[in-house]
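Just so we're aligned, residue -15 is where the sequence shown starts under the working numbering, counting upward by one. See below for the structure under consideration.
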Amino acid sequence: MASRWPLAVSLSLLPLAWAQSSGWVENQANTTMCIWTLPRVGVIRDTAYIDGGQLYWQPSLKDGSPSELLQDGFDHGLVYTLNFSTPFKTSDNFSEVLTSITSVTGASDDIKPIYVDGALLATTASSSHTERYWYGGQDKKFEPTFLLNTEITAGITRYVGFGAGVSVPSENMGYYFGGMNSKSHGPVYYPSGNATTDPTTYSRDLISVDMTNQMQEVWKNETIKSIVPGRASPEMVWVPVGKNGLLVVIGGVVDPVFANASSSLTAERMANSQLKSPGFVTTVSVYDIESKTWYQQDTTGGPAKTAWTQGCTVVASAPDGSSHNIYYYGGFDGINLRSPFNDEVWILSLPSFTWVKAAVGRSGHGRAGHRCIKPYPDQMIVLGGYPANGGTAQTCVTGGIVQLFNLTSLLWIDSYDPRVWSNYTVPSVVTAAIAGAASTKWNNASLATVFETEYDTSKITPWYPYAYPTNPTNPTNPPVPTTTTVPAPGGGTPKWLAAVLGVVLTRVVLSALAIAFLLYRTPRHLRRRDDRGRHI
C-alpha cells in the first residue's frame, strides 16, 4: 500500500512585499502582480488560501518604465494567504497585502508540484482529536502542516482537469464536477498535440470528499447522469436549499480553445462550441445532494447566444431565504483568446431561475481564469485572472490583480475595510425582475419539491466580523519564488495535468483539503517560454 507522504513544514506567516525573490533585472525598483491564471483558492474561517496557478510579475525600473514580465517559479512551495482582517485598496501593491506559508521544507522545494486550475476544498472541522493535538499537552512547537496524500480511494481517477469544485463547510463536504481526462484516462498533460495524454475526453464523474473526520477523509465517485452534458471549466456553487443543499453548475464550454495545443480551433470545432456551449447558460445543471439526483433546469432572461467559461461565482441568499442569488463575473466564450473578455456581472436568481444583468462591463477590464470569494455577506473579492491577448505582447489585467464588488449596491469599489460591511440585501433590480417574471416553469416537478424544503441554516457558522489590526502595516519582506522572463507569445513546452492529490492543512480545529484535479508545470530546468493562449 502506498504510504502517506508527510511534508515537514514551518507554517509561520510570511509577508510578500517583495515577492519576486530572484530574477531582478538591472535598475529594477519594484514589482507588482500582473497576471494570475487559475490559482486554487479555499477559505477557512477568516483566511483565504491561494495556491499555484500561473503568476506573472511586472517589474518597474528606477526610471519608471516597465520591464519584461517575469513568471513566478513557485520554487519555495509557498501558499499565499489573505486574512480578512487586513484592509487594502485595489490600487495597493497586492503582494504587500498577502502573507504566505510554505508547504515544503527540508529535502527540496521541487517536491511540491505547482498546480494551475483546480479546487481547494476546505471545511471548518470540529475534530476533538485535533483539539487534543493542539491543546492536549503535545509539543508546544507544533505548527500547522501540509500532508501530500496520494492515497485516493480505488476507482476514483487521479487525472482530470478543467472541472469545477466547491466547498460546503456546513456539511463538511467538498465536490468536484466533470472536467476533462486524457483518452487513456491515465496521466494527462497540458495540451501538446499528444493524442494519448492531452485532455480530450469529458469526465462523467462527480467526486466528493467527506471531511468530517480530519485525516480520515472519505472519497467517493458518482457517475453523472447522461442528461447532464460534459463540458470544460464551468462554475459550480452550493445553494442552501433542501436537507443537504443543492449543487448548481453554470456555464462551461465544449471544444475549448484552451485544451487545444495550437490555441486555436478548426471551423468545425468552433461551430460545435457556438452551437452547444450557450446552452450551459440557458439551462443549468442542478444536483440534489440528499437524493443524489440530477436535474436540468431552464433559465430566463440571460444573454442570447452567449457562452461563459473561466469566470467566477459566489452565492448570496436573501435573509429570509426567499431567494438565492448566484453572481457570475467575467470569463470568455472559450473560443477567442484575442477578443475582449467579459467584464459584466450577472445574477441567476433562484428559485425563479431568472438571469439579471447586475453590472455592465468596463472597457478593457475583462478577465478570465480568476477566482471569487465572499468575506462578508455583501462583498465579493475577485482574485487574479488574465486578460485577452489582443496584441503581440502580454499585458496585465486592468485595474489590478484584485477587484472588489458590492453585492447589494452592485457597484465596483476600490477599498476593503473589515470594519465596513452590511448584511446582504437583495438588489432592487433583482426583486423587480423576480416580480415581473412568470412563475417558474419547472423542467421537473421534483426539483420544485426540493425547493420547498428549508435548509437548516444553523449549521452555517459565520466567522465575521473580522478584527481590525491594531497596526495595519506590512511585516518585513521574506524570500520569495524564483522567476523566469516571459517574452511576447511564442512556442512552449507542454505542461502536466496533475494527479488528484489531497493536501491537508491542519490548524487548530481547522482542516483544508485540497484536491489537485489540476495542472502542474514542468520542473524548473525544463520550463520554457509559452504563449498567453496556453496559460491554463
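Using N, Cα and C, we set each Cβ at its ideal position, and we do this for glycine too. All values derive from a computational prediction rather than experimental measurement.
For L332, the first and last residue of its enclosing beta strand (DSSP E):
In the sequence shown, counting from the first residue as 1, residue 332 sits at position 348. That run of the beta strand (DSSP E) goes 329 to 334.
Less than 6 Å between C-beta atoms, sequence neighbours within five positions excluded: which residues of the same chain meet that for S336?
Numbered from its first residue, the sequence shown carries residue 336 at position 352. Contacts found: I418, A421, T424.
What are the uninterrupted segments assigned as alpha helix (DSSP H) that are 4 or more residues long and contained completely in the segment 277 to 319, given in chain order?
none
Leaving out the 5 sequence neighbours to the left and right, which residues in its chain are closer than 6 Å to K358 when beta-carbon positions are compared?
Within the sequence shown, numbered from 1, the residue matching residue 358 stands at position 374. Only V298, M364 meet the Cβ criterion.
Counting only runs that start and end within the segment 186 to 240, where is the beta strand (DSSP E) found for 3 or more residues in a row?
189 to 194, 202 to 207, 219 to 223, 230 to 234
Going by DSSP, what residue range makes up the beta strand (DSSP E) through L62?
By 1-based counting over the sequence shown, the position of residue 62 is 78. Taken as a continuous stretch (DSSP letters only), the beta strand (DSSP E) holding L62 covers 62 to 67.
On the criterion of 16 or more Cβ atoms from any shown chain inside 10 Å, does I85 qualify as buried, or is it exposed?
Within the sequence shown, residue 85 is the residue found at index 101, counting from 1. Under this definition I85 is a buried residue.
Q280 versus Y159 - alpha carbon distance
Here residue 280 refers to the residue found at position 296 of the sequence shown. Here residue 159 refers to the residue found at position 175 of the sequence shown. Approximately 18 Å, taken between the alpha carbons.
Quick one, which of G345, D362, F146 has its alpha-carbon nearest P303's?
Taking the first residue of the sequence shown as 1, we reach residue 303 at position 319. Nearest C-alpha to P303: D362.
Helix or strand or just coil, what does DSSP make of Q378?
Mapped onto the sequence shown, residue 378 falls at position 394. The answer is coil: DSSP assigns Q378 none of H, G, I, E or B.
Report the CB separation of R346 from D317 in whole angstroms; it is logged as a contact under 8 Å.
Taking the first residue of the sequence shown as 1, we reach residue 346 at position 362. Taking the first residue of the sequence shown as 1, we reach residue 317 at position 333. The Cβ separation is near 18 Å, so there is no contact.
For L332, which residues from the same chain have a beta carbon less than 6 Å from its beta carbon, with the 5 sequence-adjacent residues on both sides left out?
Along the sequence shown, read from residue 1 onward, the residue named residue 332 stands at position 348. If we look at L332 and ignore the five residues flanking it on each side, its Cβ neighbours are I310, W339.
Taking T184 as the reference, which of M195, G214, V81 has the closest Cα?
Here the question's residue 184 lines up with position 200 in the sequence shown. Checking every option, the nearest Cα to that of T184 belongs to G214.
Check whether I547 and V381 have beta carbons under 8 Å apart:
With the chain covering only -15 through 520, there is no way to say anything about residue 547.
Is the segment 235 to 251 in contact with the segment 196 to 215, if contact means three or more CB pairs nearer than 8 Å?
yes
Indicate the three-state DSSP secondary structure (helix, strand or coil) for V265 in the structure shown.
Here residue 265 refers to the residue found at position 281 when the sequence shown is read from its first residue. Here V265 sits in helix by DSSP.
Compute the beta-carbon to beta-carbon distance between L388 and I397, rounded to the nearest angstrom, for a pair I have assumed lies under 8 Å.
Locating residue 388 in the sequence shown gives position 404, counting from the first residue. Locating residue 397 in the sequence shown gives position 413, counting from the first residue. Contact holds; Cβ gap of about 5 Å.
Simplified DSSP state of N244, which is helix, strand or coil
Translated into the one-based positions of the sequence shown, residue 244 becomes position 260. Note: N244 maps to coil in three-state DSSP.
As assigned by DSSP and simplified to three states, the class of V386:
Residue mapping note: residue 386 aligns to position 402 of the sequence shown, counting from 1. In the structure shown, V386 sits in a strand (DSSP, three-state: E or B).
Given that a residue counts as buried once 16 or more other Cβ atoms are within 10 Å of its Cβ, and exposed if not, what is V344?
What you label residue 344 is simply residue 360 of the sequence shown in a count that begins at 1. By the neighbour-count rule (16 or more Cβ atoms within 10 Å), V344 is not buried but exposed.
Compute the beta-carbon to beta-carbon distance between R355 and P23, rounded to the nearest angstrom, for a pair I have assumed lies under 8 Å.
If you number the sequence shown from 1, residue 355 lands on position 371. If you number the sequence shown from 1, residue 23 lands on position 39. Sure, about 6 Å apart at Cβ, within 8 Å.
What are the boundary residues of the beta strand (DSSP E) that includes A417?
Counting from one through the sequence shown, the residue named residue 417 turns up at place 433. Counting along the chain, A417 falls outside any beta strand (DSSP E), though it belongs to the alpha helix (DSSP H) covering 412 to 420.
Would you give the residue range spanned by the alpha helix (DSSP H) that L534 belongs to?
Past the edges of the chain, shown from -15 to 520, lies residue 534, and the structure says nothing about it.
Same chain, Cβ closer than 6 Å to Y360, five either side skipped, listed in chain order
Taking the sequence shown and counting its residues from 1, one reaches residue 360 at position 376. Result list for Y360: W405, Y448, in chain order.
Excluding the 5 residues flanking K167 on each side, which residues of the same chain have their C-beta closer than 7 Å to its C-beta?
Here residue 167 refers to the residue found at position 183 when the sequence shown is read from its first residue. Closer than 7 Å at the Cβ level, and outside the excluded window around K167, lie A179, T180, T184, T185.
Taking just the CA atoms, how far does K227 sit from N428?
Walking along the sequence shown from the start, residue 428 turns up at place 444. Walking along the sequence shown from the start, residue 227 turns up at place 243. Computed Cα separation, rounded: 18 Å.
Between the CA atoms of P50 and G384 - distance to the nearest angstrom
The residue you call residue 384 lines up with position 400 of the sequence shown. The residue you call residue 50 lines up with position 66 of the sequence shown. Taking the straight line joining both Cα atoms gives about 15 Å.
To which residues of the same chain is K209 closer than 6 Å at the C-beta, ignoring the five residues directly before and after it?
Position 225 of the sequence shown holds residue 209. The answer, listed in chain order, is W278.
Nearest to I273 by alpha carbon, out of R403, W8, D194?
Residue mapping note: residue 273 aligns to position 289 of the sequence shown, counting from 1. With distances taken between Cα atoms, I273 lies closest to D194.
Straight-line CA distance for T454 to S257?
Indexing the sequence shown from 1 puts residue 454 at position 470. Indexing the sequence shown from 1 puts residue 257 at position 273. Straight-line Cα distance between these residues: approximately 52 Å.
Go ahead and label L334 buried or exposed: buried means 16 or more other beta carbons lie within 10 angstroms of its beta carbon, across all protein chains shown.
Counting from one through the sequence shown, the residue named residue 334 turns up at place 350. Buried, since its Cβ has 16 or more Cβ neighbours within 10 Å.
Within the segment 5 to 62, note down every full beta strand (DSSP E) run reaching 3 residues or more, in order along the chain.
12 to 21, 24 to 28, 31 to 35, 38 to 45, 54 to 56
For Q200, count neighbouring Cβ atoms within 10 angstroms of its own Cβ and tell me buried if that reaches 16, exposed if not.
Indexing the sequence shown from 1 puts residue 200 at position 216. Under this definition Q200 is an exposed residue.
Have a look at the DSSP bridge pairing and note the partners of H349.
As a working mapping, residue 349 is identified with position 365 in the sequence shown. Beta-bridge pairing links H349 to no other residue.
How is the alpha helix (DSSP H) around L259 delimited, first residue to last?
Within the sequence shown, residue 259 is the residue found at index 275, counting from 1. Per DSSP, L259 belongs to the alpha helix (DSSP H) from 251 to 260.
Name, in chain order, the residues that DSSP records as bridge partners for N156.
Counting from one through the sequence shown, the residue named residue 156 turns up at place 172. Looking at the DSSP assignment, N156 forms no beta bridge with any residue, so it has no partner.
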